[in-house]
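To convert, take the position in the sequence shown, counting from 1, and add 194; that gives my numbering.
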Amino acid sequence: MKDRIRLLPHRSSTVGGPILLVAGLAFLSLGLFEQYRNESLAAELLISLGFLAAGLGSTILIYMRRVALRTFFERIDEKGKWRFRIRIVEPGGETIIPSGAIQAKEIRISPRTGPVFFVRIPGGIFLEIHRFSSRRKASHRFLEVERLQKDCLRESRVGALKPLPGKGMAGALRLIPESHLAYWRDTVGLETALPLAVFLSGLSFLLLHGMNFSLTWEIRLLVFAALLFLGLAGGALNSSVRYLRRSGNEIRMGRLLFRYSLKARGTELPQSGVLHRWKVHEDTGMWELWREESQPTAELRLSSERKPAAARRIRLHSSLAASLAIQQCVFSR
Numbered sequence: 195m196k197d198r199i200r201l202l203p204h205r206s207s208t209v210g211g212p213i214l215l216v217a218g219l220a221f222l223s224l225g226l227f228e229q230y231r232n233e234s235l236a237a238e239l240l241i242s243l244g245f246l247a248a249g250l251g252s253t254i255l256i257y258m259r260r261v262a263l264r265t266f267f268e269r270i271d272e273k274g275k276w277r278f279r280i281r282i283v284e285p286g287g288e289t290i291i292p293s294g295a296i297q298a299k300e301i302r303i304s305p306r307t308g309p310v311f312f313v314r315i316p317g318g319i320f321l322e323i324h325r326f327s328s329r330r331k332a333s334h335r336f337l338e339v340e341r342l343q344k345d346c347l348r349e350s351r352v353g354a355l356k357p358l359p360g361k362g363m364a365g366a367l368r369l370i371p372e373s374h375l376a377y378w379r380d381t382v383g384l385e386t387a388l389p390l391a392v393f394l395s396g397l398s399f400l401l402l403h404g405m406n407f408s409l410t411w412e413i414r415l416l417v418f419a420a421l422l423f424l425g426l427a428g429g430a431l432n433s434s435v436r437y438l439r440r441s442g443n444e445i446r447m448g449r450l451l452f453r454y455s456l457k458a459r460g461t462e463l464p465q466s467g468v469l470h471r472w473k474v475h476e477d478t479g480m481w482e483l484w485r486e487e488s489q490p491t492a493e494l495r496l497s498s499e500r501k502p503a504a505a506r507r508i509r510l511h512s513s514l515a516a517s518l519a520i521q522q523c524v525f526s527r
C-alpha cells in the first residue's frame, strides 16, 4: 500500500530459530536411526547435537515471538486531512504513536546491533523499534518514511501515546492509575522452560561425552527431568506477580513469590513476609523508559544530571505495550 510502510522483524529473529529447530530434529532422527542400526559413538553424538540444536531453536522461536515488533508507518485520512502515525504490533498488543507525540525519529548506529530506528517520545520514553540488516537499507527506509510524511499535517501539539494491551494480557496486567499502582505477571519464563531444558540437556550430554561417560536412555531421561524441574521452578518464580508503585518521591518495586492471581489485588499492598520481596528507590532524578534492540524487554532507568549513566534499573514486562501502560499508570499526574 502506498499509504503504509511495513517493517517486519529482523531476519535473525524469524529464520534463525526455525533453521536450528529443523536441524536439531534432523540430527535427532539420524541419530535414532543410526542407533537402531548399530549402537555407536556417532549415533550418541548425533542425538546430543539434536537435543542441543532443537532446544536452542525452539527457545529462540518462543522468546523472539514474545519480543519481536512489527512496525507500520501509516498515513491516514481524517476528515480530509492526512495524518502520520507509527503503529507497533506485537503478540502482547499494539502501540499507536501519533506524529504529535514524536519528539525525534532517526537512524542510530548502535555498536552492538548496527543501525536501528530510534524514536523519542515526551515523558522520558526512548524506543528502538526496528533493527536493520545494513546501513544502506536503513537509509532507504528512512527516506521512504520521510516521503510518506511529506503531505501530512504537521502537528505542533503533543499527541497522546496509546498503548493497547491485547486480549492475552487481560489476566496478566492490572492498572490502578488513581493510586499510581500497577500489577503484572509475565509467563515468558514458564514458556521457555521446556525448550531451555532440551537445550541444556544436549549441552550436558556433549559434556558427558567429552568425559568418556557412557550414556544410556535412563541417564538421559534423568538429566532431562532434573533440568526441566529446575527450569519450571525458575519459571514459576519469575512469573510471580510483580508490582510498581509511586508514592511521593519514592518508587516501590516488589514481587509476590509464587502468587499468580491479579483479581484480588487492590490498592493496599500485602505486608512483608517470606513470599514478599520489595525494594524502595528514592526518586533523585528522572525515570525514563528505554527499549533497546540488544535488550528487548523495556526497563525504567533513573537518570540524573550528576551521573550520566543510569543509577538504577527496573525491568518491566516483555510486552512493549504492557510496559508503556505500566509506565503511564505509575507516572500519570
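By construction, the Cβ of each residue, glycine as well, lies at the ideal position given by its N, Cα and C atoms. Note that this is a predicted model, so its numbers are computed, not measured.
| Query | Result |
| --- | --- |
| Nonlocal neighbours in the same chain, by C-beta distance under 8 Å from H374, ignoring five residues either side | R439, R440, S441, C523, V524, F525 and S526 |
| Rounded C-alpha distance that separates Q305 from R329 | A small fix is needed here, since residue 305 is Pro in this sequence, not Gln. So the two alpha carbons sit approximately 13 Å from each other. |
| Through-space distance from R341 to P285, alpha-carbon basis | 29 Å |
| Straight-line Cα distance separating G249 from L394 | 8 Å |
| Cα-Cα separation between A366 and Q229, rounded to whole angstroms | 46 Å |
| Cβ neighbour criterion (16 or more within 10 Å) applied to S408 | exposed |
| Inter-residue CB distance, L450 and R485 (contact presumed, cutoff 8 Å) | Actually they do not touch by this definition, with Cβ atoms about 25 Å apart. |
| Residues that R279 bridges to, as DSSP identifies them | E268 and P292 |
| Which listed residue (I413, I370 and L400) has its alpha carbon closest to that of L246 | L400 |
| Where the beta strand (DSSP E) containing F311 begins and where it ends | G308 to I315 |
| Straight-line gap, I256 to G274 (C-alpha atoms, nearest Å) | 43 Å |
| Within 7 Å, strictly: CB atoms of G353 and A419 | no |
| Spatial neighbours of I358 in its chain, beta-carbon cut-off 8 Å, leaving aside the 5 residues before and after | The question names Ile, but residue 358 in the sequence shown is Leu. For L358, where only same-chain residues beyond five positions count, the Cβ hits under 8 Å are G287, E288, T289, I290 and A515. |
| Among Y437, M447, G404 and S455, nearest to K473 - alpha-carbon criterion | M447 |
| Contact set for L219: own chain, Cβ-Cβ below 8 Å, skip 5 residues either direction | G244 and A248 |
| Range of the contiguous beta strand (DSSP E) that encloses H470 | H470 to E476 |
| Coarse secondary structure for S441, derived from DSSP in three states | strand |
| First and last residue of the uninterrupted beta strand (DSSP E) at Y377 | L375 to W378 |
| Pairwise C-alpha distance: S398 and K356 | 46 Å |
| Nearest residue (CA-CA) to L201, options L422, A262 and E238 | A262 |
| P309 beta carbon less than 7 Å from that of I301 | yes |
| Nearest candidate by alpha-carbon position, reference L469, set F221, A430 and L239 | A430 |
| According to DSSP, residues forming a beta bridge with L450 | V435 and H470 |
| Counterpart residues of W481 in DSSP-defined beta bridges | L496 |
| 6 Å Cβ shell around I303 - same chain, five flanking residues per side excluded | P309 |
| A298 - containing beta strand (DSSP E), residue span | A298 to S304 |
| G383 and S433 closer than 7 Å at C-beta | yes |
| R259 vs C346 beta-carbon contact at 7 Å | no |
| Environment of S466 [buried if 16+ CB atoms lie within 10 Å] | exposed |
| Rounded separation between L415 and L426 - CA only | 16 Å |
| CA nearest to the CA of A387, picked from Y377, L421, L402 and M363 | L421 |
| Beta carbon of G225 nearer than 7 Å to that of A237 | yes |
| Given L390 as reference, the closest of T410, W411 and G428 once Cα atoms are compared | G428 |
| Check: P285 C-beta below 6 Å from any heavy atom of the ligand HEM | Summarising the ligand content, the structure contains no ligands, and the ligand HEM is consequently not present. |
| Selection from E372, I270 and T265 that minimises the alpha carbon distance to R283 | One point to set straight first is that residue 283 is Val, not Arg, in the sequence displayed. Among E372, I270 and T265, the Cα nearest to that of V283 is on T265. |
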